[in-house]
Each structure stands twice: as structure tokens, then as C-alpha cells.
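Position 159, counted from 1, in the sequence shown is what our numbering calls 931; the numbers after and before it change by one each time, with no gaps.
Data first, discussion second: the structure below is written as C-alpha cells.
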Amino acid sequence: MTTTNTPLPSTSVGSSTSASTSAFISSLTNNINIDAENTLCVSHNSLLQARRDAGEVGILIDEPLLSRLPDPPVMNAGQEWISAYLSLTPGTRIRAVKALDAIKPSQAPPNSSASTSKVIFITDQEVKASSVLDSAYDLGIHSSIFNLANACQYIPLTLFTNVNTKRLHREGLTLKKVKSSINGVTHHLLNLSQFESEDGMDSFTWQEAWLCYLVWLADAAQPVIHERWKWHYTMLSKDKAVHDNFKAILTFDINTHSRYAAQAFQHDERDWQHRLQAAKYDILYDASRKNVKRPHEGQDSSFWDITQPSDSHPKSDPLCLICQRTGHHFSDCKEETMAKGKQTFAKYTRSHLARRSNNSTLCISFNLSNPRRVCKSTHAPSQHLCSFCGESAHGALSRRCL
């Protein structure tokens, strides 16, 4: 059997074909057409290689692939406008500017809806309904309080009541401010005259404000300071004077906070107790002398009239419940003898008024009272002894033993 080699069709092209190809290539102006042409070229070269593999001779060399065009520079809208504008003739530029001015939108006023279109309320701010409480504490402490604290200014407890907490959050931007320069730094602080006086709080409001104040201190103060003020409040709230002599508790509390705001100091329990007793004494002593006038000639001094207004009597120095002298409080008394030389029956020790002989406690309220103002405490009757003479029939300020 005779095998005849039939040549494959020739793919050689003449000069006319090359010319037409060159003209075609020059017409390719984008990378899409170039990529398509290169795909055809690869297929054609594969056919040429197949003929070479079959033993044919005189096969044309592979056609080279076309190079891709470089990517055009990316221009933003502004650059495109400038490029287009520069390509215009001077006269055309003038007409273009006039045309743009004619279609330019009018500028929206500052308070228009366009300037307030920013979304304010978003779902990211929402919490589960079960975690929302109704207490005023949940509003958080207003920034005005932080500003006072950062400026080392006294913060009245009234700012922590439920009513004022809500007021600060509701009217905070409209409340009056005062401009103060502290240590060379200018502060715009809350004007405290817009709020009620701190010394007018009742015991319920005072305790309500203290609970909120302690919540704030847990975040604003070091743990040791928070625990110290928590102890301060707990001791005062458990003191029987909260019910019998709240004015003394409130006065002591305000004075302690004021001193700490002026200069922070370390806690000293003995000094704390000493100042508390002095505050109780001052308030009870003022109350015992209020509306009291001297008895008429021949009238028993134990039955002083308490109906006379206090303005009719000049205020005198307090009488010491230990030595019968004036000019100092009994809590500051160091005397061991009375003005007439007799040894004192009482002394002040361990924050208590006590008998000198056995250190048993004496009732301060009883010694400041008179028959028309008696002690309502429930302690042992043995504490109801006169701190001057030890009699149980009268207190020291009845003056029956002077």
C-alpha cells in the first residue's frame, strides 16, 4: 500500500496580506479588540506548530502577539471639568461660564432642612426594653456636675435630688452659667443660685440625694474615697439625730463637704465624731435658747417662758455643759474644775459626754432641754443626769443648780 503525503494548506501570506494586516492592527484602538486579536493569533500559531510537528518545511514563523494599550489616566470629576474647559476657545469659555451660572442651584440657608438632614436617632443607641429603668438615676450625672468637680468647686447635695437631676437634663442648655478663672484656667460653671438652698433639705430628700451621690462617686472617685463617704453617710443615716435633730446632721454634713472641697483631707474617725457632737450641741443649744426669756423676779428659773420671739434676746456664747464657762463647746472642754473651783461632774471622752467617775454616758439632749422640751430618746434613764451636779430632776441648761 502506497502512502501519499498530502500537504496541509499553506498559511503563507503575500505582501498584500501583510499590508492589510498592518492596516487592521493600526485600527485597533482599545484593549478589548487587541485581546480578541491575540486570541486568534494564538490559535493560528498552534496550527503552524502542528504542521511543523508533521514534518513540513518552509512553515512561517509564529506571529507575535500585539501589545496592550496603556490604561488611560484616571481623572476625577474636577479634573475632567478642567480638562474640558481648557480645550475650549476663549469665546466658548465665556459662554460656558454664563451657562453654568444660569443653571447653578441657589445656596440653601443655614437653617434649611438640607443642613439638618443628618440622621440623629439610630438603632445602635437603643437597648433592650427590659434594661430601661424609670429612676432618675438612669439619666446619669449631668456634665455640669463634672465641670464643677473638675474645677475643684463645692457641689451642693441638692444637685443630686431626683427633681434637679431631671431638671439638669431637661434644661441644661438654658440654665445660667458663670465664667470663672481658676488657677489661670477659664471655666463656664453652673450658676448655683438657680437651685434651692442646701440647708433647706428635709431628711427624706437628703437621703435620696445621698444615694444618687454615692452612685456617682463609685465612678468619679477611687474605691477608698467612695467607701469613706459611704461610711460617712451610713453613720449619719443611722444616727438617732436624723429623726430628733436632723438640722445638726445636715449642718455637719454640709460643713464636712465644704471643708473637703476647699482642701481634701484624710478621714479621722475621732475628729469626725468630735465635730458631729459639736454640731449637735450647737443646734440643740440654739434651740434651747430660742424663744426663751429670763423669768420674772421671784419666778422659778425652771419655768422659763418659751413664747417670746428669739429676736428680742441678744445671742450669747454657748455655756459649756462641763465647766459652766462660756466661750467654748463642751466637746472642746479640757477643764477639770468649774468656775467656782468645784471638780466637774462630767467630762468629754470618746465622742461622748460622760460622768467623770465611771465614764458612763450622759444624755446631751436631756442636759440641753427644759421641762417644756424633753428628750424623746429611748436610751436608759440613767443617762438623764445633770452634767453639772448629777441630779436626775433637771438638765444642765435649766440652770437650777448654778
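Note that beta-carbon positions come from the ideal geometry of N, C-alpha and C, so glycine has one too.
Distance, residue j Cα to residue i Cα
{"i": "G1162", "j": "V1014", "result": "28 angstroms"}
{"i": "K949", "j": "T958", "result": "12 angstroms"}
{"i": "H914", "j": "H941", "result": "7 angstroms"}
{"i": "L1169", "j": "F976", "result": "31 angstroms"}
{"i": "D873", "j": "I806", "result": "44 angstroms"}
{"i": "G830", "j": "L812", "result": "22 angstroms"}
{"i": "L819", "j": "E852", "result": "47 angstroms"}
{"i": "I1203", "j": "T946", "result": "This structure does not reach residue 1203, given that the chain is present from 773 up to 1174, and the question cannot be answered."}
{"i": "C1158", "j": "E999", "result": "38 angstroms"}
{"i": "S953", "j": "A1033", "result": "17 angstroms"}
{"i": "G1167", "j": "C1095", "result": "14 angstroms"}
{"i": "S1074", "j": "R1171", "result": "Confidence in S1074 is poor, its pLDDT being 40 and thus under 50, which makes the residue's placement too unreliable to answer from."}
{"i": "G1222", "j": "S855", "result": "Only positions 773 to 1174 of the chain appear in this structure, which leaves residue 1222 out of reach."}
{"i": "V869", "j": "K890", "result": "32 angstroms"}
{"i": "I924", "j": "D1043", "result": "Ile is not the amino acid found at residue 924; the sequence shown has Cys there. Computed Cα separation, rounded: 24 angstroms."}
{"i": "W978", "j": "E1107", "result": "37 angstroms"}
{"i": "P725", "j": "S1154", "result": "There is simply no residue 725 to check, as the chain begins at 773 and stops at 1174 in what is shown."}
{"i": "D974", "j": "D1016", "result": "12 angstroms"}
{"i": "E968", "j": "T933", "result": "11 angstroms"}
{"i": "D843", "j": "D896", "result": "44 angstroms"}
{"i": "M1110", "j": "T1116", "result": "6 angstroms"}
{"i": "L841", "j": "D834", "result": "22 angstroms"}
{"i": "G912", "j": "W988", "result": "8 angstroms"}
Coarse secondary structure for residue i, derived from DSSP in three states
{"i": "S1164", "result": "coil"}
{"i": "A1126", "result": "strand"}
{"i": "V957", "result": "strand"}
{"i": "T1133", "result": "strand"}
{"i": "L1091", "result": "strand"}
{"i": "L1048", "result": "helix"}
{"i": "T1098", "result": "strand"}
{"i": "T895", "result": "helix"}
{"i": "L962", "result": "strand"}
{"i": "T946", "result": "coil"}
{"i": "T930", "result": "helix"}
{"i": "Q1038", "result": "coil"}
{"i": "Q925", "result": "coil"}
{"i": "L937", "result": "Reading off the sequence shown, one finds Thr at residue 937, where the question assumed Leu. Note: T937 maps to helix in three-state DSSP."}
{"i": "T1109", "result": "strand"}
Contact check, residue i vs residue j, beta carbons under 8 angstroms
{"i": "Y1057", "j": "L1125", "result": "no"}
{"i": "F1024", "j": "A1051", "result": "yes"}
{"i": "A992", "j": "A921", "result": "yes"}
{"i": "P928", "j": "L962", "result": "no"}
{"i": "S916", "j": "G944", "result": "yes"}
{"i": "Y1053", "j": "I997", "result": "no"}
{"i": "T1121", "j": "N1131", "result": "yes"}
{"i": "L1134", "j": "R1127", "result": "yes"}
{"i": "T930", "j": "E970", "result": "yes"}
{"i": "S1123", "j": "H1046", "result": "yes"}
{"i": "Y926", "j": "S1009", "result": "no"}
{"i": "C1147", "j": "F1138", "result": "yes"}
Terminal residues of the alpha helix (DSSP H) in which residue i lies
{"i": "S953", "result": "Looking at the DSSP string, S953 is not in any alpha helix (DSSP H); the run it does join, the beta strand (DSSP E), is 949 to 954."}
{"i": "H816", "result": "803 to 825"}
{"i": "E980", "result": "975 to 992"}
{"i": "P862", "result": "862 to 875"}
{"i": "T1028", "result": "1018 to 1034"}
{"i": "F1172", "result": "For the record, residue 1172 in the displayed sequence is Arg; it is not Phe. First-last for R1172: undefined, no H or E at that position."}
{"i": "T1006", "result": "995 to 1010"}
Bounding residues of the beta strand (DSSP E) (the contiguous stretch that carries residue i)
{"i": "Y1120", "result": "1118 to 1121"}
Where residue i falls, given that 16 or more other Cβ within 10 Å makes a residue buried
{"i": "M1007", "result": "exposed"}
{"i": "A1118", "result": "buried"}
{"i": "W982", "result": "buried"}
{"i": "I804", "result": "exposed"}
{"i": "T937", "result": "buried"}
{"i": "I894", "result": "exposed"}
{"i": "P836", "result": "exposed"}
{"i": "F715", "result": "Absent from the model: residue 715. The displayed extent of the chain is 773 to 1174, so no value can be given."}
{"i": "Y857", "result": "exposed"}
{"i": "P1090", "result": "buried"}
{"i": "Q1049", "result": "buried"}
{"i": "T861", "result": "exposed"}
{"i": "S1103", "result": "buried"}
{"i": "H1101", "result": "buried"}
Any non-hydrogen atom of the ligand NAP within 7 angstroms of residue i CB
{"i": "E980", "result": "The model depicted lacks the ligand NAP and carries no ligand whatsoever."}
C-beta neighbour in chain B for residue i, strict 8 angstroms
{"i": "L812", "result": "Any reference to chain B falls outside this structure, which holds one protein chain only."}
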